[in-house]
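For any residue, its number in our numbering is found by taking its place in the sequence shown, counting from 1, and adding 14.
C-beta atoms are modelled at their ideal positions from N, C-alpha and C, and glycine is treated no differently.
Working notes, structure below.
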Amino acid sequence: MNAAIQCCSSARPTLARKPVAGVAAVRCPTHRLAPAAKLSTAHVAFLSRSSLPSLRATAAKRAIRPSRVVKVRAAEGAGASVNDTPKVTQARLVLYIVAWYGANIIFNIANKKSLTAFPCPWFISTLQLGVSGLFMCFLWITKLHPVPKVDNKFFKALLVVAAFHTVGHVAACTSFGQMAVSFAHIVKSAEPVFSVALAGPILKETYPYYVWLSLVPIVAGCGLSAMKEVSFAWNGFNNAMLSNVGMVLRNIYSKKALGDYKHIDGINLFGLISIASLLYCAPLAILMEGSLWSSAYNTALTNVGKNELFKQMAVAGIFYHLYNQFSYMVLNQGVSPVTFSVGNTMKRVAVVVSSVLFFRNPVALLNWIGSGVAIFGTFLYSLAKDKAANEAKAASASTA
Numbered sequence: 015m016n017a018a019i020q021c022c023s024s025a026r027p028t029l030a031r032k033p034v035a036g037v038a039a040v041r042c043p044t045h046r047l048a049p050a051a052k053l054s055t056a057h058v059a060f061l062s063r064s065s066l067p068s069l070r071a072t073a074a075k076r077a078i079r080p081s082r083v084v085k086v087r088a089a090e091g092a093g094a095s096v097n098d099t100p101k102v103t104q105a106r107l108v109l110y111i112v113a114w115y116g117a118n119i120i121f122n123i124a125n126k127k128s129l130t131a132f133p134c135p136w137f138i139s140t141l142q143l144g145v146s147g148l149f150m151c152f153l154w155i156t157k158l159h160p161v162p163k164v165d166n167k168f169f170k171a172l173l174v175v176a177a178f179h180t181v182g183h184v185a186a187c188t189s190f191g192q193m194a195v196s197f198a199h200i201v202k203s204a205e206p207v208f209s210v211a212l213a214g215p216i217l218k219e220t221y222p223y224y225v226w227l228s229l230v231p232i233v234a235g236c237g238l239s240a241m242k243e244v245s246f247a248w249n250g251f252n253n254a255m256l257s258n259v260g261m262v263l264r265n266i267y268s269k270k271a272l273g274d275y276k277h278i279d280g281i282n283l284f285g286l287i288s289i290a291s292l293l294y295c296a297p298l299a300i301l302m303e304g305s306l307w308s309s310a311y312n313t314a315l316t317n318v319g320k321n322e323l324f325k326q327m328a329v330a331g332i333f334y335h336l337y338n339q340f341s342y343m344v345l346n347q348g349v350s351p352v353t354f355s356v357g358n359t360m361k362r363v364a365v366v367v368s369s370v371l372f373f374r375n376p377v378a379l380l381n382w383i384g385s386g387v388a389i390f391g392t393f394l395y396s397l398a399k400d401k402a403a404n405e406a407k408a409a410s411a412s413t414a
C-alpha cells in the first residue's frame, strides 16, 4: 500500500481532509497527518521506530510538502528502467549475451591473426590494454558511463591487483601465439583448480569435499585433450597455466584489497585495472622484446601488408575491451552466479568451436571428448561453489 505523510508545524492549524483512495494516512507522533502525495514502497523504512526522532525534529521545523517528497526507483542499477517489462528485460539480456559471445569470438580470431603476423605478445598485450584504457576514457569524458571516485588508498591497492592482471593477460596472449586457440582455452578452463588451491592459504577459505571433487573432470579433460593435441607445445601450455595463476591471484587480491570499494562497478573496475596494468606492461614490453619489433614489423609487412596488420591489431584491441564490458553488462542484468557460469561455460564452447572452424585445426575424437569433459567440469565447479556459498550463508544465519 502506498503511504503519504505530511506534517504541519505547531503554529499552523491542521485542516481536515478527505481520505484519498488507495492512500493510507499516517499519523506523526506529535502532529496529525493528512493524506498527500503517494510514496513508493521504498519509503516504508521512514515509518520505522528508528526514524521517529528525525520525524519529530523535521516536524518541529517545517512541513513536509508533497512536492518535496523524494521518489525512489524500485529497480536500481542492473541497467534496467522501472518501466521495463519482463520481455524487454529478457530481450536486453539475450542481446548482451550474443554481443558477449560475438565479441569474444572476434577477439580470439583477430588476436591469433595478429600474433601470427607479428609474434610479439608483449607489444600486442600492451596495445590491448592501451585501447581498453582509451575506450574507458572516452566513456567517462562523454559521460556515457559514470566516472569512478578513487583515492590514493584505492590506487595503491589497485596496483597489486593490476600486477597480477598483467601477468595473466601477457601469459595468455603468449600462449595463444604458441598453440591453437582452441587448446589454449581448454587449458585455461583449469583456472578453478588454482582458485580453490590458492584461496585457502590467502583468503583463509575452506571448501567442502564436493567442490574438490568437481575439479577432477577439469584435470582429466585437460589431460585427455593434451594427449592428441597436434599444436601442443610445453611453452604454450606453461604460459596458459601461468595465465590461470595470474588471473586467480588477480581475483583473490581484488576481493581482499578492493572489497570495501563497492561503489565502483565492474566496468569501471576493469577499466581502472587495464590502465594500471599499462603502467607495468609498457616498460616491460620495451625491455623484453623491444629489440625484436623492427624486424618483426618488416616481416609482417612482407607477409600480410601494413593495412591488414593494423586492422587485425585494432580489431583485437577494441574487441578485447568489448567482450569484457559485455560480460559485466550481462552481470548487471541481475543474473545469478550460476546462470552467469552457465553462460561463461557455453561462451568457452563457442570460442573453441569457432576457432577450430575458422583456423581449420585438426582435432581428434579424443580432443573433443577431453574438451567436453573439461568444460563440463567447470560447470560442475560453478554449481558446487554456489552450493557451498549458500550453505555457508545458511549456517551463518542460524548462528546469528
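Any idea if residue i is buried or exposed, counting beta-carbon neighbours within 10 angstroms, 16 or more meaning buried?
| i | result |
| --- | --- |
| residue 262 | buried |
| residue 277 | exposed |
| residue 248 | exposed |
| residue 223 | exposed |
| residue 241 | exposed |
| residue 206 | buried |
| residue 317 | exposed |
| residue 361 | buried |
| residue 14 | Not covered by the structure: residue 14. The range shown for the chain is 15 to 414. |
| residue 166 | exposed |
| residue 5 | Nothing in the structure corresponds to residue 5, since the chain is present only between 15 and 414. |
| residue 198 | buried |
| residue 366 | buried |
Work out the CA separation of residue j and residue i for me, nearest whole Å.
| i | j | result |
| --- | --- | --- |
| residue 338 | residue 330 | 12 Å |
| residue 119 | residue 357 | 14 Å |
| residue 376 | residue 192 | 16 Å |
| residue 341 | residue 313 | 36 Å |
| residue 393 | residue 401 | 13 Å |
| residue 304 | residue 136 | 9 Å |
| residue 348 | residue 126 | 33 Å |
| residue 162 | residue 282 | 7 Å |
| residue 110 | residue 175 | 27 Å |
| residue 273 | residue 171 | 10 Å |
| residue 99 | residue 290 | 39 Å |
| residue 202 | residue 285 | 22 Å |
| residue 184 | residue 106 | 33 Å |
| residue 179 | residue 130 | 23 Å |
| residue 232 | residue 409 | 29 Å |
| residue 404 | residue 397 | 11 Å |
| residue 103 | residue 155 | 28 Å |
Tell me which residue opens and which closes the alpha helix (DSSP H) that residue i is part of.
| i | result |
| --- | --- |
| residue 326 | 320–345 |
| residue 306 | Per DSSP, residue 306 belongs to no alpha helix (DSSP H) and is neither H nor E. |
| residue 405 | 379–413 |
| residue 135 | 135–155 |
| residue 127 | 100–131 |
| residue 229 | Here residue 229 belongs to no alpha helix (DSSP H), and DSSP marks it neither H nor E. |
Round the Cβ separation of residue i and residue j to the nearest angstrom and send it over; I've been treating them as touching at under 8 Å.
| i | j | result |
| --- | --- | --- |
| residue 132 | residue 323 | 6 Å |
| residue 389 | residue 363 | 6 Å |
| residue 134 | residue 306 | 6 Å |
| residue 254 | residue 196 | In fact, because the Cβ distance is near 12 Å, the residues do not count as touching under 8 Å. |
| residue 258 | residue 204 | 6 Å |
| residue 267 | residue 168 | The pair is not a contact, with the Cβ atoms about 13 Å apart (cut-off 8 Å). |
| residue 181 | residue 260 | 4 Å |
| residue 141 | residue 302 | That pair is no contact at about 14 Å. |
| residue 387 | residue 186 | Between residue 186 and residue 387 the Cβ distance is about 22 Å, and since that is not below 8 Å, they are no contact. |
| residue 270 | residue 315 | Between residue 315 and residue 270 the Cβ distance is about 46 Å, and since that is not below 8 Å, they are no contact. |
Determine, using beta carbons only, whether residue i comes closer than 8 Å to chain B.
| i | result |
| --- | --- |
| residue 255 | No chain B appears in the structure shown, which is made up of a single protein chain. |
### Task
Write down every uninterrupted run of the alpha helix (DSSP H) in the region 173–215 whose length is 4 residues or greater and which is fully enclosed by it, in chain order.
195–202
### Message
Suppose only complete runs of 4+ residues qualify. What are the alpha helix (DSSP H) ranges in the region 268–302, listed by chain order?
### Response
none
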